[in-house]
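Engineer: Let me begin by handing over the structure; questions about it come next.
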Amino acid sequence: MTHTHSTTAADRARERPLAGRVALVTGSTDGIGLATARALAGQGCTVMLNGLGDPDRIAALRTELSAASGVPVEHAAADLREEAQAQGLVPEVIARFGRLDILVNNAGTQHRGPIESHPPARWREVFALNLDAAFHTIRAALPGMRERGWGRLVNIASVYGLVGGVDRSSYVASKHALVGLTKAVALETAGQPITCNAVCPGDVSTRIFYRNAKLMAEREGISREEAQRRIAATNMPSGQVVSPEQIASLVAYLCSDAASEVRGAAWPMDGAWVAR
Ligand code: NAD
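For the sequence shown, the working numbering gives the first residue as 54, with consecutive numbering after it.
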């Protein structure tokens, strides 16, 4: 009887290794962030969502995630382009849940076009969201993590944090800087069980990917599947697009105890894009 009981508890701990932890995932009302929030909640982690969008849809997401995983899931509405709101987000999580163990900086934006016509205001906005927001959240999250002696910081960069690309100067520059910030923080935290890593996705099958494939299919009179394949093959030697769930699994791995000595990595998941 005792044996059966302890086996069940061990099984439960294996299935829900993040039980008792609290995570904040920025930009998690859609795409990679939402898949990540779902993966962490699925492992028993309390989750604070963040991101823009229709309040009714966000309320439905909270209910769905919470019901599926049996953990509290809430939403903080901070617009992370705004410095004061970026600075206030982690304190809001700590005020609500009493702690923050896992921080995933995922919210990001890009501007497409040549540098000569890149509006300076847009440049500042891209940096505010892709880089400054991560600075503000990490800065606010670290004291509590150091105090409790455990923490996971994961920054969603991009292959464009590792290699260049045409007509996306602010995106490439801000994602390279985010990889640099990741390394700097990994060194500052190396003496404690707090890790900081970056994930560098190639093309991911979020909504915009499917929208682009649909437009290409209509324009060129090909099937949607063929359009998806062609878009994926443009940059990815594998010819396969990465799913948000695959990125989420990598983030969950980086948050696990098994990954405690993965530090300062910029980990591509890109169908061999940057291997060339
Ligand atoms: P997405 O557009 O599907 O979702 C973006 C999320 O960020 C949404 O929840 C949105 O509400 C939120 N957001 C946008 N502006 C915000 C703001 N000012 N404040 C707070 N939240 C805000 O994005 P995605 O494609 O899942 O991308 C997520 C991250 O992954 C980004 O940092 C992006 O650069 C990176 N990335 C994406 C791809 C890809 O192919 N989709 C590839 C490499 C890297």
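Quick reminder that beta carbons are idealized off the backbone N, C-alpha and C, glycines included.
These figures come from a predicted structure and were not determined experimentally.
Report the start-end ranges of each beta strand (DSSP E) in the stretch 213-281 that is 3 residues or longer and not cut off at the edges.
Structural biologist: Within the stretch 213-281, the complete beta strand (DSSP E) runs of at least 3 residues are 247-254.
Engineer: Considering Val-126, what are the terminal residues of the alpha helix (DSSP H) in which it resides?
Structural biologist: Element bounds for Val-126: not the alpha helix (DSSP H) but the beta strand (DSSP E), 126-129.
Engineer: Within 10 angstroms of the Cβ of Leu-105, are there 16 or more other Cβ atoms? Answer buried if so, exposed if not.
Structural biologist: Burial call: exposed.
Engineer: Would you say the beta carbon of Pro-297 is closer than 8 Å to some non-hydrogen atom of ligand 1?
Structural biologist: Answer for Pro-297: yes, Cβ within range of ligand 1.
Engineer: Using beta-carbon positions only, say whether Ile-47 and Arg-205 come within less than 9 Å of one another.
Structural biologist: What is shown of the chain runs 54 to 329, which leaves residue 47 out entirely.
Engineer: Note down, one range per segment and in chain order, each beta strand (DSSP E) of at least 3 residues found wholly within the stretch 139-166.
Structural biologist: 155-158, all fully within the stretch 139-166.
Engineer: Of all the beta strand (DSSP E) runs that stay within the bounds of the stretch 55-115, which reach a length of 3 or more residues?
Structural biologist: List check, beta strand (DSSP E) in window: 75-78 and 99-103.
Engineer: Determine the extent of the alpha helix (DSSP H) in which Val-179 is found, giving its start and end residues.
Structural biologist: Run containing Val-179: 173-180, per the alpha helix (DSSP H) assignment.
Engineer: How many Å lie between Leu-102 and Asp-83 at the Cα?
Structural biologist: The straight-line gap from Cα to Cα measures roughly 10 Å.
Engineer: Exposed or buried, Pro-297, counting other C-beta atoms within 10 Å across all chains shown (16 or more means buried)?
Structural biologist: Buried: at least 16 other Cβ atoms inside 10 Å.
Engineer: With a threshold of 8 Å on Cβ separation, who are the neighbours of Ile-284 within its own chain once the five nearest residues in sequence on each side are excluded?
Structural biologist: So the list reads Asp-256, Phe-262, Asn-265, Ala-266, Met-269 and Val-294, once near-sequence residues are dropped.
Engineer: Where do the ends of the alpha helix (DSSP H) carrying Met-322 lie?
Structural biologist: No alpha helix (DSSP H) holds Met-322; the beta strand (DSSP E) holding it covers 319-322.
Engineer: Of the residues Gly-217, Gly-95 and Arg-152, which one's Cα is nearest the Cα of Glu-200?
Structural biologist: The shortest Cα separation from Glu-200 among Gly-217, Gly-95 and Arg-152 belongs to Arg-152.
Engineer: Just curious, the beta strand (DSSP E) that Leu-184 is in, first and last residue?
Structural biologist: Looking at the DSSP string, Leu-184 is not in any beta strand (DSSP E), and its letter there is neither H nor E.
Engineer: Report back the beta-carbon spacing between Ala-305 and Thr-235 to the nearest angstrom; my notes put them in contact at under 8 Å.
Structural biologist: Wrong, their Cβ atoms sit about 18 Å apart, outside the cutoff.
Engineer: Could you please give the first and the last residue of the uninterrupted beta strand (DSSP E) stretch that includes Ile-300?
Structural biologist: Not the beta strand (DSSP E): Ile-300 falls in the alpha helix (DSSP H), residues 297-307.
Engineer: With DSSP as the reference, identify every bridge partner of Ile-209, one or two as the case may be.
Structural biologist: Paired residues: Val-252.
Engineer: Taking buried to mean at least 16 other C-beta atoms within 10 Å of its own C-beta, is Val-146 buried or exposed?
Structural biologist: Buried, since its Cβ has 16 or more Cβ neighbours within 10 Å.
Engineer: At the level of alpha carbons, what is the spacing between Leu-77 and Val-143?
Structural biologist: Near 8 Å, if we compare the C-alpha coordinates of Val-143 and Leu-77.
Engineer: Bridge partners of Gly-204, per DSSP?
Structural biologist: DSSP lists Ile-247 as partners of Gly-204.
Engineer: With H, G and I counted as helix, E and B as strand and the rest as coil, what does DSSP make of Glu-117?
Structural biologist: Helix.
Engineer: Please return the same chain residues whose Cβ sits closer than 8 Å to the Cβ of Gln-299, not counting the five positions on each side in sequence.
Structural biologist: Excluding positions up to five away in sequence, the list reads Met-322.
Engineer: Less than 9 Å between the C-beta atoms of Asn-183 and Ala-230, yes or no?
Structural biologist: Against a cut-off of 9 Å, the Cβ pair of Ala-230 and Asn-183 comes out as a contact.
Engineer: Take the Cβ of Ser-291 as the centre, count every other Cβ of all protein chains shown within 10 Å, and call the residue buried at 16 or more, exposed below.
Structural biologist: Per the 10 Å Cβ criterion, exposed.
Engineer: Whose CA, out of Thr-162, Thr-190 and Asn-250, lies closest to the CA of Arg-221?
Structural biologist: Among Thr-162, Thr-190 and Asn-250, the Cα nearest to that of Arg-221 belongs to Thr-162.
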